[in-house]
Amino acid sequence: MTTTSLTASAGEVPGRDWLPQHDPEAACALERLWDSGELGDVDRARLTRAVQQAGQYPHLRDELCHEIITLGPAAAVHSSGQRDLPPNPPRVAEHDLHHGQVLLGRVCAHPSTPPQRHDVDFGMDLDCLRANLLVIGPPDSGKTRSLALPLVEHLCLESLANAASVVVIDPQGDDFDIPGWFDVTIDSLNPDVGFSLFGAATNAEEAADQLASALLPIGVSADHEYLMDASRNALYNALASFQAGMGRWPTVRELLGMLRNAQEIVDRVRAGLNRCGKAIKEEYAPLLAHRAEQLHRREDPAASLIERLSQLDRPRLRSLFDHPTGVFAMTEINRPLRIRIALREAQMPEASRFLARLVVSQFTHVVCNDHANRDLFKGLVVNEAGRFVDDCTARALQRTRSDNAGLILLSQSLEDFPPQVLPTVFASTGGKAVFGGVGPADAEHFSRFWGEQQVLEHSYTHSTTRLHVGPTGTSQGPTYGATRSSVTRKIWRERWPAGDLSMAIPPGHTVIQLRHSTGQVTLPELVRLR
Numbered sequence: 001m002t003t004t005s006l007t008a009s010a011g012e013v014p015g016r017d018w019l020p021q022h023d024p025e026a027a028c029a030l031e032r033l034w035d036s037g038e039l040g041d042v043d044r045a046r047l048t049r050a051v052q053q054a055g056q057y058p059h060l061r062d063e064l065c066h067e068i069i070t071l072g073p074a075a076a077v078h079s080s081g082q083r084d085l086p087p088n089p090p091r092v093a094e095h096d097l098h099h100g101q102v103l104l105g106r107v108c109a110h111p112s113t114p115p116q117r118h119d120v121d122f123g124m125d126l127d128c129l130r131a132n133l134l135v136i137g138p139p140d141s142g143k144t145r146s147l148a149l150p151l152v153e154h155l156c157l158e159s160l161a162n163a164a165s166v167v168v169i170d171p172q173g174d175d176f177d178i179p180g181w182f183d184v185t186i187d188s189l190n191p192d193v194g195f196s197l198f199g200a201a202t203n204a205e206e207a208a209d210q211l212a213s214a215l216l217p218i219g220v221s222a223d224h225e226y227l228m229d230a231s232r233n234a235l236y237n238a239l240a241s242f243q244a245g246m247g248r249w250p251t252v253r254e255l256l257g258m259l260r261n262a263q264e265i266v267d268r269v270r271a272g273l274n275r276c277g278k279a280i281k282e283e284y285a286p287l288l289a290h291r292a293e294q295l296h297r298r299e300d301p302a303a304s305l306i307e308r309l310s311q312l313d314r315p316r317l318r319s320l321f322d323h324p325t326g327v328f329a330m331t332e333i334n335r336p337l338r339i340r341i342a343l344r345e346a347q348m349p350e351a352s353r354f355l356a357r358l359v360v361s362q363f364t365h366v367v368c369n370d371h372a373n374r375d376l377f378k379g380l381v382v383n384e385a386g387r388f389v390d391d392c393t394a395r396a397l398q399r400t401r402s403d404n405a406g407l408i409l410l411s412q413s414l415e416d417f418p419p420q421v422l423p424t425v426f427a428s429t430g431g432k433a434v435f436g437g438v439g440p441a442d443a444e445h446f447s448r449f450w451g452e453q454q455v456l457e458h459s460y461t462h463s464t465t466r467l468h469v470g471p472t473g474t475s476q477g478p479t480y481g482a483t484r485s486s487v488t489r490k491i492w493r494e495r496w497p498a499g500d501l502s503m504a505i506p507p508g509h510t511v512i513q514l515r516h517s518t519g520q521v522t523l524p525e526l527v528r529l530r
């Protein structure tokens, strides 16, 4: 799982169990390609996967055979048309796509590491990522450059091999801005592509839950719990009645109008319900009346929701969420796709945090959906994750392993996570990595989690005796005697003391522990990252 040579493995020509019998010409063409030297590692991984899938699903065979004969190395190519990442900049890590592994560094000699693990290669595969990964390190510790970037590069290569989808949340907007790495870049400052507020929802109830969680996470609003529930109900009433009457989801301004009970938009929705027939009208018209009744109360339960949603009613954000041409919906990650979300948190902090929370919520909903494509690994990389993970996402972390998905959560401190969410996040992330310079509270947390180990303690005692001869004795001088003893015993000591985690991890190194999807766990090891 963590020790590999990661030498590129060409493997044998795939499809020998069915391809020669089904299409001898395609089988010969594939043999020639395999021996020609025209195929890169992405080509080999992509073609191997395509041939294996065609072996399982016979309806794919004719089209694949035709592409092998006519397109050669470009057969079954990724939807972007790319067969590899651009050569400039060069790859930041060494990859073995045949086994789905990326080389991250080498294990350092350390007293807590068994001698047989010293100076061996350390890598990760998709199976480790299915158990999720939590990475904690202060600014400039190298967690993004030395760990996150190689993992993102690997997921992008896996996507080009049609084996994965990856979504990257980039709070600064430039940490992962590498040309040719992504198919879709959603930039809140320059929205060439829009983002659907409701892209992961199949009904109004799901849409209301996701939107309310992103707008009003725990700790943002001072509303009591019953007001939070009433806000969700108001949002559901607005979305359900609008969708039923208009046959689509509302724009930001239309949703605000529904929540404010604006007469023009409510009349349009009511007219749409009338056109839908008596049954639809009887089901959804009371939702409009209920919202109007809420507004006449002494305290509008949706007031906080409206205030938060109003922050999205700005020109740039309207063009992002109500884009006139292309809009990305999170359900698209059920096919191989590479998406980067550039938040621009410095320019639009509140709107950026809302967008990030919505992306995380939608991602976890899509991968846990019963209709998700589980043949495809789906990865979400969240930088500064502590600000964007809510309780629903924390609970969804527990399901990703069985849904062939995984989250990589990077944060400066465990204290960035809401206190009520942290225990679930920490327990649900099987992999954990710590960089040098973490605060005392974080170091103590990881030290306790990684527990103690038995070590041999050697203690020595040394004593000297002096015998003085009296005046009535002989004329000899004083006599000296010495005794020395040693005791060896087993004692329990912290595997990684908190002080070592805070002060003794060198730059460019991390202490990392991985979990296999089967439950197998590695010991925490000091790794020198490349």
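The sequence shown begins at 1 in UniProt numbering and counts up by one.
Cβ atoms here follow ideal geometry from the backbone N, Cα and C, with glycine treated the same way.
About 6 Å separates the beta carbons of Leu305 and Leu216, which is inside the 8 Å limit, making them a contact pair.
By the Cβ rule, the segment 387 to 406 counts as touching the segment 428 to 443, because three or more pairs are nearer than 8 Å. Residue environment for Ala27: buried (at least 16 other C-beta atoms within 10 angstroms of its C-beta). In the three-state scheme derived from DSSP, where H, G and I count as helix and E and B as strand, Met124 is classed as strand. For the segment 336 to 381, the continuous alpha helix (DSSP H) assignments of 4+ residues that do not extend past its boundaries occur at 349 to 368, in sequence order. With 16 or more neighbouring CB atoms inside 10 Å of its own CB, Thr144 falls in the buried class. With three or more CB-CB distances shorter than 8 Å, the segment 338 to 347 counts as touching the segment 174 to 193. Around the beta carbon of Leu151, 16 or more other beta carbons sit within 10 angstroms, so the residue counts as buried.
Distance from the Cα of Met503 is smallest, within the candidate group Gly436, His99 and Gln116, for Gly436. Residue Leu211 holds the alpha-carbon nearest to the alpha-carbon of Asp229 among Ala244, Gly245 and Leu211. Between the segment 104 to 114 and the segment 510 to 526, the count of C-beta pairs closer than 8 Å reaches three or more; the two stretches touch.
DSSP places Gln210 in the uninterrupted alpha helix (DSSP H) bounded by Ala204 to Leu215.
When secondary structure is reduced to three states using DSSP, Thr483 falls in the strand class. Contact between His323 and Pro497 is ruled out by a C-beta separation of about 52 Å, above the 8 Å threshold. By the Cβ test, the segment 73 to 80 is in contact with the segment 32 to 47, since at least three Cβ pairs between them sit closer than 8 Å. For Phe435, the enclosing beta strand (DSSP E) starts and ends at Gly431 to Phe435. Membership of Ser165 in the beta strand (DSSP E) is indicated by the continuous run Ala164 to Asp170.
Listed in chain order, the non-local C-beta contacts of Glu415 below 7 Å within the same chain comprise Ala441, local neighbours out to five positions each way being set aside. Counting along the chain, no alpha helix (DSSP H) covers Leu414, and no H or E run does either. In this structure, the beta-carbon distance from Ala214 to Arg374 does not fall below 8 Å. Around the Cβ of Lys490, a 10 Å sphere holds fewer than 16 other Cβ atoms; the residue is exposed. Comparing C-alpha distances from Asn383 to each of Glu345, Asn404, Leu235 and Asp125 shows the shortest one belongs to Glu345. Secondary structure in the segment 248 to 273: the alpha helix (DSSP H) runs of 4 residues or longer, each lying completely within the stretch, are 252 to 259 in chain order. In its chain, beyond the 5 residues on either side, Ala342 have a beta carbon closer than 6 Å to the beta carbon of Asp187. Residue pairing by DSSP places Phe195 opposite Phe328 in a beta bridge. Distances from the alpha-carbon of Leu312 to those of Ala302, Thr364, Leu256 and Val367 put Leu256 closest. DSSP, read as helix, strand or coil, puts Ala234 in helix. Annotation for Ala207: Phe198, Ala201 and Leu239 place their beta carbon closer than 6 Å to its own, counting only its chain and skipping 5 residues before and after. Taking Gly247 as reference, the option from Pro507, Ala204 and Asp370 with the minimal CA-CA separation is Ala204.
Leaving aside the five residues that flank Ser80 on each side, the residues in its chain whose CB is nearer than 7 Å to its CB run, in chain order, Asp183. Leaving aside the five residues that flank Phe122 on each side, the residues in its chain whose CB is nearer than 8 Å to its CB run, in chain order, Thr2, Thr3, Leu103, Leu104, Gly105, Arg106, Val107, Ile512, Glu525 and Val527. Around the beta carbon of Lys278, fewer than 16 other beta carbons sit within 10 angstroms, so the residue counts as exposed. Using a C-beta cut-off of 8 Å, the segment 13 to 25 makes contact with the segment 46 to 57, since at least three inter-stretch Cβ pairs fall below that distance. Non-local C-beta neighbours of Arg308 in its own chain, meaning closer than 7 Å and more than five positions away in sequence, comprise Leu215 and Leu216, ordered along the chain. Where Arg528 is concerned, the enclosing beta strand (DSSP E) starts and stops at Glu525 to Leu529. Taking 8 Å as the cut-off, the Cβ atoms of Leu407 and Leu376 do not count as close.
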